[in-house]
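>
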Amino acid sequence: MTSTIIRRTLGSVVAVGLAATGTFATAGIANAEVGTGNVAAASSSVSAQATQNFGLTATEAKIVQGKLLKKFGYTGKQYPGKIDGKLGPNSWKAFQEYLKKGYGYTGKIDGDPGKNTIKALQRLLNKRVHSKLTVDGKAGPKTQAAFKKYAKWLAR
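The sequence shown: position 97 = 88 (my numbering), numbered continuously.
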């Protein structure tokens, strides 16, 4: 995954965020007088919204959201979101709930499709679409192809 460091200097305030490919990071700074060093209020919160479709098109991701994630509150109060074809944090939280129920996911429900989430996804893909993946937690080309096959299987 490619990473980019984003740096913005406003007077004596420096906001730094780390954004991976397909993500963006923002930092809010209020009432800063640029070039003077005077800052009335600064927000140190950095928010990042990542979308990770792992090779799925928006149409395929909508199928996954609509057929699977909807059952786990994706469009409700727990993980609010739209069936928009973008597998962001709320989609992945809902997916992690599903993976926890039968595919060995034991991590936090945090919306981060990291190594443990990918391992559970690979187990699901091996079971549901007989993909014969090595469960290694890497979303390489074989895992992505199997994920596409799974979306098509869900669409039946």
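Every residue gets a Cβ at the ideal spot worked out from N, C-alpha and C, and that includes glycine.
List the whole-angstrom C-beta distance separating G148 from I109, where the pair is believed to meet the contact cut-off of C-beta under 8 Å.
This structure does not reach residue 148, given that the chain is present from -8 up to 147, and the question cannot be answered.
> Using CA atoms only, rank isn't needed, just tell me which of D75, Q69, G76, K73 is closest to Q87.
Among D75, Q69, G76, K73, the Cα nearest to that of Q87 belongs to Q69.
> Under 8 Å between the Cβ atoms of L124 and T134?
It is a contact, given that the beta carbons lie within the stated cut-off.
> When every heavy atom of the ligand NAP is checked, does at least one fall within less than 7 Å of the C-beta of A136?
Of ligands this structure carries none, so the ligand NAP is not represented either.
> If you draw a straight line from the alpha carbon of Y182 to that of A52, how long is it in whole angstroms?
In the structure as shown, the chain begins at -8 and stops at 147. Residue 182 is therefore absent and cannot be evaluated.
> Indicate the three-state DSSP secondary structure (helix, strand or coil) for V120 in the structure shown.
Three-state DSSP puts V120 in a helix.
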